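Novice: Using my numbering, the first residue of the first sequence is number 687, and each one after it goes up by one.
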Amino acid sequence: MAKAPKTAISPTRADDYPEWYQQVIKAADLAENSPVRGCMVIKPWGYQLWENMQRALDDMFKATGHQNAYFPLFIPMSFLEKEAEHVEGFAKECAVVTHHRLEPDPEGGLRPAGQLEEPLIVRPTSETIIGATYAKWVQSYRDLPILINQWANVVRWEMRTRMFLRTAEFLWQEGHTVHATDTEAIEETERMINVYADFARNWMAMPVTIGAKTAGERFPGAIETLSIEAMMQDRKALQAGTSHFLGQNFSKAQDIVFQSESGSREYAWTTSWGVSTRLVGALIMTHSDDDGFVLPPKLAPTHVVILPIYKDDSRAAVMEYIHALRDELRAQSYDGAPVRVEIDDRDMRGGEKKWHHVKRGVPIRLEVGPKDMEKNSVFMGRRDQPKSVGMDRNELVSTIGSLLGQIQQSLYDRADQLRRDNTVTITNEADFRDFFTPKNPDTPEIHGGFALCHFADEASIDALLKELKVTIRCVPSENNDTPGTCFATGKPAAKQAIFAKAY
RNA sequence: CGGGAUGUGGCUCAGCCUGGUUAGAGCGCUGCACUGGGGGUGCAGAGGUCGCAAGUUCGAAUCUUGUCAUCCCGACCA
687 MAKAPKTAIS PTRADDYPEW YQQVIKAADL AENSPVRGCM VIKPWGYQLW
737 ENMQRALDDM FKATGHQNAY FPLFIPMSFL EKEAEHVEGF AKECAVVTHH
787 RLEPDPEGGL RPAGQLEEPL IVRPTSETII GATYAKWVQS YRDLPILINQ
837 WANVVRWEMR TRMFLRTAEF LWQEGHTVHA TDTEAIEETE RMINVYADFA
887 RNWMAMPVTI GAKTAGERFP GAIETLSIEA MMQDRKALQA GTSHFLGQNF
937 SKAQDIVFQS ESGSREYAWT TSWGVSTRLV GALIMTHSDD DGFVLPPKLA
987 PTHVVILPIY KDDSRAAVME YIHALRDELR AQSYDGAPVR VEIDDRDMRG
1037 GEKKWHHVKR GVPIRLEVGP KDMEKNSVFM GRRDQPKSVG MDRNELVSTI
1087 GSLLGQIQQS LYDRADQLRR DNTVTITNEA DFRDFFTPKN PDTPEIHGGF
1137 ALCHFADEAS IDALLKELKV TIRCVPSENN DTPGTCFATG KPAAKQAIFA
1187 KAY
């Protein structure tokens, strides 16, 4: 017998969190690195998860009146130059296409031949190309609002990448809307951040805080950026979704003008909002444990996996029993749809097969063998709990929907508890420094969390934040009306912000 | 772009300092047997022109130079 490790994932979260994260992705078969630097291959298990996220989000977008469309991958370089802040924010990370044809070179390889008159950039985000299109579509107030979303890939040539959290190419959706009034555009911005919060909480079982970004953290070109911020298990913050009120900045840059009811020519008001495959990273770091990935049932590609246990002479009987069990379970519903049940009948060792599914995060495992058949029972393991239990078969079938619901809820509660335990209110600089400084500087332990602090202005605390590698995550929208004094400068301050180390 | 390191079967690496027969290990993979409710055991097997190029040498994975790539630390990051 080879000795089995105590945990399926090594190192553990406490030992080396970043490495643990990479290992979970590998063990759960979600993605792997590709030959292209910074780009990843999303494997079927990871992609099914993304598809489930897409479906849920897409339904929510449609329910709030949006339609899907598709705009080009390439954007003329000149388009990017139109909005000054936007250029500054994205120019450095753009991939540029300068040629359109390859021909053989003398060394037997290939070289680019036809140079483009105007270079094209690969979209890092689509405000400019979509805005240029909208300028043609919008003539009258009767053309508004335009409520469109696109599912797409974008490229940002980042210096340092991490799977799902920051990759050179990633998948996302970007909503782009145009409105006749600022009020309406602001409502849209708020509506969509609420959609994201709803999705994070109810589908991902991930608690989030809605808030506004400070000037320094805003989307380039935006008047206001709203975000949802989540706490990962290493207590660092992750921006999980953003919704931008762009004012008239982009409509002025791109000439999105309409004639109003009274006959005047006016610039339109625009918004944009997006979430990306980063959400998969968020899911991993919110729920997974030292045995691998943990999937919230509402997004799990498979709810229940049945593992037959048999010897050669009992195989036929066991298989018949579990096929019947599978069909009964599939006839049950969870979250308004049939329960997703699979049988894993591969010729592998039982233990190894079980761990395969543990590491991939399947919410419920059923091990079924001759002993269970005799008792008309199943051996049931919940991914959110360490021990498996024997359970009456009929009881399992009739309660499977509520069981999945319990798992979904327990994951949310656990994440919420972590966030509560590591959110503190801080009123002075000494406590602030202490909170964000590891006890062991050489190999920093997991420390910090969310610090709620009043602060007066961004510039005066910039140096302190840089020193501690802390950022202002957001100014929370709710329960934030009590004035106080700035934790660092002592000046009067109207609101609190969440301070945290971040991804 | 600065600083550091690494390129050896599918993966992780040893060997290099102190050149010398057919280049090793673990994991993985294939087959067979025994197994089978915490990720097994045994036996047999497949798989590598040691990143690339030049040089030194009777002889280079090993020494020298160049080159390419990747990783880590900085700077940067909706």
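A virtual CB, placed ideally from N, CA and C, is assigned to each residue, including glycine.
Given the structure is predicted, the values throughout are model-derived calculations rather than measurements.
Quick one: Cα of Ala690 to Cα of Tyr882, how far?
Specialist: At Ala690, the pLDDT of 44 sits below 50, so the modelled position is not reliable; the number obtained from the coordinates is stated separately. Answer to the nearest angstrom: the Cα atoms are 41 Å apart.
Novice: In this structure, does DSSP put Asn754 in helix, strand or coil?
Specialist: Asn754: strand per DSSP, three-state reduction.
Novice: Beta-carbon within less than 6 Å of Tyr756's beta-carbon, same chain only, minus the 5 sequence neighbours each way: which residues are those?
Specialist: Only Gln836 meet the Cβ criterion.
Novice: Using DSSP bridges, identify the partner residues of Phe979.
Specialist: The partner list for Phe979 (beta bridge, DSSP) is empty, contrary to what the question assumes.
Novice: In the DSSP assignment, find the unbroken alpha helix (DSSP H) run with Met918 in it and report its ends.
Specialist: Unbroken run through Met918: none, as it is neither H nor E.
Novice: Please confirm whether Thr814 and His865 have their CB atoms less than 9 Å apart.
Specialist: Cβ atoms of Thr814 and His865: not closer than 9 Å.
Novice: When the Cβ atoms of the segment 992 to 1010 are set against those of the segment 1055 to 1075, are three or more pairs found closer than 8 Å?
Specialist: Verdict: yes, contact present.
Novice: Give the DSSP-derived three-state secondary structure of Met1059 in the structure shown.
Specialist: If DSSP states are grouped into helix, strand and coil, Met1059 belongs with the helices.
Novice: Would the segment 1074 to 1092 count as touching the segment 1143 to 1150 if we require 3 or more Cβ pairs under 8 Å?
Specialist: The segment 1074 to 1092, when compared against the segment 1143 to 1150, does not touch it at the 8 Å Cβ threshold.
Novice: Could you check if Glu804 is buried or exposed, using at least 16 other CB atoms within 10 Å of its CB as the buried criterion?
Specialist: Exposed.
Novice: Exposed or buried, Met1034, counting other C-beta atoms within 10 Å across all chains shown (16 or more means buried)?
Specialist: Met1034 should be labelled exposed.
Novice: Is the separation between the beta-carbon of Ala1188 and that of Thr1157 shorter than 9 Å?
Specialist: Yes.
Novice: Taking DSSP as the reference, what is the three-state secondary structure of Gln1018?
Specialist: It is coil, neither helix nor strand.
Novice: Taking the beta strand (DSSP E) that Phe654 falls in, what are its first and last residues?
Specialist: Residue 654 lies beyond the residue range present for the chain, which begins at 687 and ends at 1189; the question has no answer from this structure.
Novice: Given Asp1102, which residues of its chain have a CB within under 8 Å of its CB, disregarding the five upstream and five downstream residues?
Specialist: Correct list, in chain order: Pro893.
Novice: Quick one: what's got a C-beta closer than 8 Å to Gly1036's C-beta in the same chain, skipping five residues either side?
Specialist: Contacts found: Leu993, Ile995 and Glu1053.
Novice: Provide the residue span of the alpha helix (DSSP H) that contains Phe1121, from first to last.
Specialist: Start and end: Glu1115 to Phe1121.
Novice: Looking at Pro982 and Ile1050, is the spacing between their C-beta atoms short of 9 Å?
Specialist: No.
Novice: Measure the alpha-carbon distance for Arg699 versus Thr988 and round it to whole angstroms.
Specialist: If you take the alpha carbons of Arg699 and Thr988, they lie about 25 Å apart.
Novice: If you measure between the beta carbons of Ser929 and Met890, is that distance less than 9 Å?
Specialist: Against a cut-off of 9 Å, the Cβ pair of Met890 and Ser929 comes out as no contact.
Novice: Using the beta-carbon count (16 or more within 10 Å), is Glu1006 buried or exposed?
Specialist: Flag for Glu1006 reads exposed.
Novice: Does Arg842 come out as helix, strand or coil in the three-state DSSP assignment?
Specialist: Coil, per DSSP.
Novice: Excluding the five sequence neighbours on either side, which residues of its own chain have a C-beta within less than 6 Å of the C-beta of Lys692, listed in chain order?
Specialist: Counting only Cβ-Cβ distances below 6 Å, and skipping sequence neighbours, we find nothing.
Novice: Write down the C-beta distance between Ser1163 and Ala799 rounded to the nearest angstrom, noting that I regard them as a contact closer than 8 Å.
Specialist: Contact flag wrong, Cβ pair sits at about 54 Å.
Novice: Hey, could you find the ends of the beta strand (DSSP E) Ala1186 is sitting in?
Specialist: Segment Gln1182 to Ala1186, the beta strand (DSSP E) holding Ala1186.
Novice: Can you tell me whether DSSP reads Gln1208 as helix, strand or coil?
Specialist: There is no way to answer for residue 1208, as the model of the chain reaches only from 687 to 1189.
Novice: Do you know offhand how far Met687's Cα is from Trp1041's?
Specialist: Note that Met687 scores a pLDDT of 31, beneath 50, so its modelled location is shaky; the value from the coordinates is reported in the next line. Between Met687 and Trp1041, the C-alpha separation is close to 16 Å.
Novice: Would you call the segment 943 to 959 in contact with the segment 843 to 861, where contact means no fewer than 3 C-beta pairs closer than 8 Å?
Specialist: Yes: at least three Cβ pairs fall under 8 Å.
Novice: Report yes if the CB atom of Phe1136 is closer than 9 Å to the CB atom of Arg1159, and no otherwise.
Specialist: Taking 9 Å as the Cβ cut-off, Phe1136 and Arg1159 qualify as a contacting pair.
Novice: Residues bridged to Ile761 by DSSP?
Specialist: Paired residues: Ile807.
Novice: For Ala688, which three-state DSSP category applies?
Specialist: Any reading at Ala688 must be qualified, since the residue scores a pLDDT of 34, below 50, and its modelled position is unreliable; no value is offered.
Novice: Taking Ala684 and Gly724 to be in contact with their CB atoms under 8 Å, please state how far apart those CB atoms are, rounded to whole angstroms.
Specialist: Past the boundaries of the shown model lies residue 684; the chain is included only from 687 to 1189, so the question cannot be answered.
Novice: Which value, in whole angstroms, describes the spacing of the CA atoms of Ser948 and Asn839?
Specialist: Roughly 41 Å separates the two Cα atoms.
Novice: Taking DSSP as the reference, what is the three-state secondary structure of His862?
Specialist: His862: strand per DSSP, three-state reduction.
Novice: Determine the extent of the alpha helix (DSSP H) in which Arg1105 is found, giving its start and end residues.
Specialist: Its alpha helix (DSSP H) spans residues Arg1079 to Asp1107.
Novice: In this structure, how does DSSP classify Trp889 when only helix, strand and coil are distinguished?
Specialist: Note: Trp889 maps to coil in three-state DSSP.
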